[in-house]
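Encoded as structure tokens, the structure appears first; notes follow it.
As structure tokens, this is what we get:
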């Protein structure tokens, strides 16, 4: 029955979507790991970039909710130039990976990532995590502390418990929003990531919007709804004091991201997502942490101000 409803909704709104955006070309070759989740065969896409002059260390890059491995291109290049092997998965449910109808959880995504590292025979990694990847990176570090040498959290979401102040909405209600997405709606949302919009940021909109005209767009939209619910229902904010690895927090001070912000009354929206304070609170809770605050920077420092982002990394990474 749900499949029939999905097709009806998709058929109703399809005329409102943009023309095909084209397939996204990732900056490095993409490989696939076969997994079985809830009796379903799925594929996990990833890039495995080996440096010309290895330093013996590996960096694991974890993407955000509205992104995939594509947007890490400049970070991969910077790390590779310094001798790091760089592993960049598209989590199951995102990008070039499968988008199954399953129960998504951060422990599941963390264990999928662990299986990928096992497949590649990688024992320890430096974790660089952005946005929703920060929630996943936190869970991965807590589940597999012996496999993480250092943790970098770049404007992570989940620094507050959204379900304590964002009104609940059902997966079906979230799906109806996801399936109505257009290129322009993605662009308008991504504009909130930056204090000032620049033409070069358009590439990230195109990467997200490439899903719009895929034959399985309704499956992607359903997965998007399920993973929204995962973020809403599975906070990590209460466990930061359990992290026992050196941690770098890179916090753009103009970021005001709140998952589900549009559901809040207008007079409440400015109360939450206050990253200047949230960054300080989180740094106080992580025992061995360093906080780098970037004035005038929004949600994606590695895109907006890469020089400042790389300076912070250079001073922190071994």
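Numbering (UniProt numbering), first residue to last: 1 to 318. Note that beta-carbon positions come from the ideal geometry of N, C-alpha and C, so glycine has one too.
| Query | Result |
| --- | --- |
| Residues in its own chain within less than 7 Å of residue 220 by CB, not counting five upstream and five downstream? | 99, 211, 214 |
| Mind listing, in chain order, the continuous alpha helix (DSSP H) runs of no fewer than 4 residues lying wholly within the stretch 127 to 186? | 132 to 143, 171 to 179 |
| Enumerate in chain order the residues of its own chain whose CB-to-CB distance from residue 163 is below 8 Å, with the five nearest sequence positions on each side excluded. | 232, 233, 235 |
| Contact check, residue 59 vs residue 27 under 8 Å by CB: the rounded distance? | Going by Cβ atoms, the distance from residue 59 to residue 27 rounds to 15 Å, so no, they are not a contact pair. |
| What residues match up with residue 61 in a beta bridge as DSSP calls it? | 128 |
| Can you give me the Cβ contacts of residue 57 inside the same chain, cut-off strictly under 6 Å, excluding the 5 residues immediately before and after it? | 84 |
| What does the alpha-carbon distance come out to for the pair residue 20 and residue 245? | Below a pLDDT of 50, predicted positions are generally treated as unreliable, and residue 20, at 42, falls in that range; the measurement from the model is reported next regardless. Cα to Cα, residue 20 sits roughly 44 Å from residue 245. |
| Which stretch, first to last residue, makes up the alpha helix (DSSP H) that contains residue 118? | 106 to 119 |
| Spell out a yes or no on whether the stretch 39 to 53 and the stretch 131 to 146 are touching, meaning 3 or more CB-CB pairs, one atom from each, closer than 8 Å. | no |
| If contacts are defined as beta-carbon pairs under 8 Å, then residue 249 and residue 289 qualify, I think. What distance do you get, rounded to the angstrom? | 6 Å |
| On the criterion of 16 or more Cβ atoms from any shown chain inside 10 Å, does residue 130 qualify as buried, or is it exposed? | buried |
| If you count every other CB in all the chains shown that lies within 10 Å of the CB of residue 275, and 16 or more means buried, which is it? | buried |
| Looking at C-beta atoms only, is the number of pairs between the stretch 164 to 175 and the stretch 91 to 108 that lie closer than 8 Å three or more? | no |
| Distance, Cα to Cα, residue 204 vs residue 35? | 28 Å |
| Measure from the alpha carbon of residue 314 to the alpha carbon of each residue in 82, 64, 176, then state which is nearest. | 82 |
| According to DSSP, simplified to helix, strand and coil, what is residue 98? | coil |
| Just reading off the alpha helix (DSSP H) that residue 211 is part of, what are its end residues? | Careful: residue 211 lies outside any alpha helix (DSSP H) and carries neither H nor E. |
| Taking residue 53 as the reference, give the member of 33, 77, 295, 135 with the closest Cα. | 77 |
| Taking a contact to mean a Cβ-Cβ separation below 7 Å, would you say residue 257 touches residue 273 in this structure? | yes |
| DSSP three-state label for residue 226, please. | helix |
| What separation, rounded to the nearest whole angstrom, lies between the Cα atoms of residue 301 and residue 309? | 6 Å |
| Please report the distance separating the alpha-carbon of residue 303 from that of residue 201. | 8 Å |
| Along the chain, which unbroken stretches of the alpha helix (DSSP H) at least 4 residues long are found entirely within the stretch 260 to 304? | 266 to 269, 275 to 285, 301 to 304 |
| Could you check whether the Cβ of residue 129 sits closer than 7 Å to any Cβ belonging to chain B? | Reference to chain B is not applicable here, since this structure consists of a single protein chain. |
| Count the other CB atoms within 10 Å of the CB of residue 207; is the residue buried (16 or more) or exposed (fewer)? | buried |
| Rounded to whole angstroms, what is the Cα-Cα separation between residue 12 and residue 271? | Below a pLDDT of 50, predicted positions are generally treated as unreliable, and residue 12, at 29, falls in that range; the measurement from the model is reported next regardless. The alpha-carbon atoms of residue 12 and residue 271 are separated by roughly 37 Å. |
| Kindly indicate which residue of 127, 239, 167, 89 has the alpha-carbon position closest to the one of residue 112. | 89 |
| Helix or strand or just coil, what does DSSP make of residue 73? | helix |
| Hey, residue 255 and residue 285: beta-carbon distance below 7 Å or not? | no |
| List the whole-angstrom C-beta distance separating residue 122 from residue 259, where the pair is believed to meet the contact cut-off of C-beta under 8 Å. | With 8 Å as the limit, residue 122 and residue 259 do not qualify as a contact, their Cβ atoms being about 31 Å apart. |
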